[in-house]
Amino acid sequence: SSSGSKGNPFLVPGATVATIFMLGALHARRMYSDKKIEEARESGIELELQPDVKAKFLRMLPLRSISRFWGVLSGTELPVWLRPYAHRAWARAFHSNLEEVALPLDQYASVKDFFVRSLKEGCRPIDSDPYSLISPVDGTIVRVGELKEGVMIEQVKGFSYSVSSLLGAGSFLPLMAAKDIHEQDTSQQENNIRDESTKSWWRVSLASPKLRESSSSRPMKGLFYCVIYLRPGDYHRIHSPVDWNVLLRRHFTGRLYPVNERATRTIKNLYVENERVVLEGKWQEGYIAMAAVGATNIGSIELFIEPDLRTNQPRKKLVQSEAPEERVYEPQGTGVLLKKGDEVGVFNMG
Amino acid sequence: STVVLVFQAPALSSSEFRFGVEKGDKIRMGEALGRL
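Structure follows, in structure tokens:
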């Protein structure tokens, strides 16, 4: 009985070693498969969509709760002396550039604070060319191009998602044929936009994104797109890509899958399933929209132009309807004016 | 996280919007993605 009460002295060390061994094996396998993917990419092979067991497993996880828990954890206030070490560790792990950070490291009370850091003045000069459209964020270009007839954006070779699913079926897109544009001066167009009854003019016709101009004086318009992925160590504030009027905001609660490179290869419809905030409006050349898509570790999106918007809410608070929650910015038809480079919002942790 | 931009711009060869970046490029906020 005395030996029974001591239990098996090898149980805990054995289980620990087995767990470490298993985690090591999983990590080695992950590194091996990532290496194969890197080799494939370097040899120019485009990888196709390969839904795997992990993607199926992710669908069963309470990702929203995990994300919110991560938000609480990363928001834990650190002792002042520990802060520089913690933020340097984060910067080293995720290749953040500490030279650009606006404040001394001990002034960021938590990892979450450090994550939404602003940058020193002058670190991001705004391209001054009046004909340029700038990147609203730091990141890596995932896809870029012109939308053709099908108006689909390729997520990965062999799988594409539709722009209207990403932005919302009620997206505005100028349908006005050339004669309308040609005859209407801007103020008249503004009036038309403001008049609800003519809202149909702005209904989406993503089936034919090219606007053909009958009068040769005005160039035909196309619909272009750019997808930018932000790594965990990147600067995560979102700025305005051009001078534009933000007419409307659309918030999709959605899921919170990871959006890293592996997820884009294994999870279908990633960008149209995930929680996201879409801003829609008009710039000098017509329609423009910007979608900020969240992820498990970066689930909440904050808008400086609408501070009371809350995303990544607990499931029970979420409106179960699929339809996104919309807000038209006042004054209608003019909305919120943003200048190129203005801060628009930020991706928060959790 | 990911940001997707969708925008209208001239598409005639004489005045087409031209991207200055391509897939895989690193970009920083404020740098031109393309020009009219």
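If you read the protein sequences in the order shown, they are chains U and W. If you want this note's numbering, it's the position in the first sequence, counting the first as 1, plus 3. Here this note's numbering is used: position 21 in the second sequence is 12, and no number is missing along the way. Built from N, CA and C at the ideal position, the CB exists for glycine as well. Nothing here was measured: the structure is a model prediction, and the numbers come from that model.
My guess is that U:Val262 and U:Val296 are in contact by the Cβ rule of under 8 angstroms, so how many angstroms apart are they, rounded? 6 angstroms
Q) Nearest to U:Arg265 by CA position, among U:Pro82, U:Ala18, U:Lys38, is which residue? A) Taking each of U:Pro82, U:Ala18, U:Lys38 in turn and checking the Cα distance to U:Arg265, the smallest one comes out for U:Lys38.
Original post:
Does U:Phe24 get closer than 8 angstroms to chain W when you measure Cβ to Cβ?
Top reply: no
If U:Ile301 sits next to W:Glu22, beta carbons under 8 angstroms apart, how far is it from one beta carbon to the other, in whole angstroms?
Their Cβ separation, rounded to whole angstroms, is 22 angstroms, which puts U:Ile301 and W:Glu22 out of contact at 8 angstroms.
For a cutoff of 8 angstroms on Cβ pairs, would you count U:Arg330 as touching chain W? no
Hey, out of U:Phe255, U:Gly142, U:Ala112, whose CA is closest to W:Asp16's CA?
U:Gly142
Checklist line | Test: U:Ala105 CB closer than 8 angstroms to a CB of chain W | finding: Closer than 8 angstroms: no.
Q. According to the Cβ coordinates, are U:Leu61 and U:Tyr260 closer than 8 angstroms?
A. yes
Considering only C-alpha positions, which residue in the set U:Leu340, U:Val275, U:Ile304 is nearest to U:Ala326?
U:Val275
Discussion item. I need the DSSP call for U:Trp73, collapsed to helix, strand or coil.
Written reply: helix
Check your understanding: In the DSSP assignment, what residue or residues form a beta bridge with U:Leu226?
Key -> U:Leu150, W:Gln(-1)
| Minimum length 4: unbroken alpha helix (DSSP H) runs contained in the stretch 284 to 335 of chain U | none
- request: Tell whether a beta-carbon distance below 8 angstroms holds between U:Ser303 and U:Gly348.
  value: No. Outside cutoff.
Quick check for students: name the residue ranges of the alpha helix (DSSP H) that lie wholly in the stretch 90 to 126 of chain U, counting only runs of 4 or more. Runs of the alpha helix (DSSP H) inside the stretch 90 to 126 of chain U: 114 to 118.
At the level of alpha carbons, what is the spacing between U:Thr269 and U:Pro334?
43 angstroms
- Short check: CB of U:Lys151 to CB of U:Pro244, under 8 angstroms? no
- Query: U:Leu170 versus chain W: which residues are under 9 angstroms apart at the beta carbon?
  - Reply: Val(-5), Val(-3)
Which residues does DSSP pair with U:Tyr355 in a beta bridge?
In the structure displayed, chain U extends from 4 to 353; residue 355 of chain U sits before or after that span and is not available.
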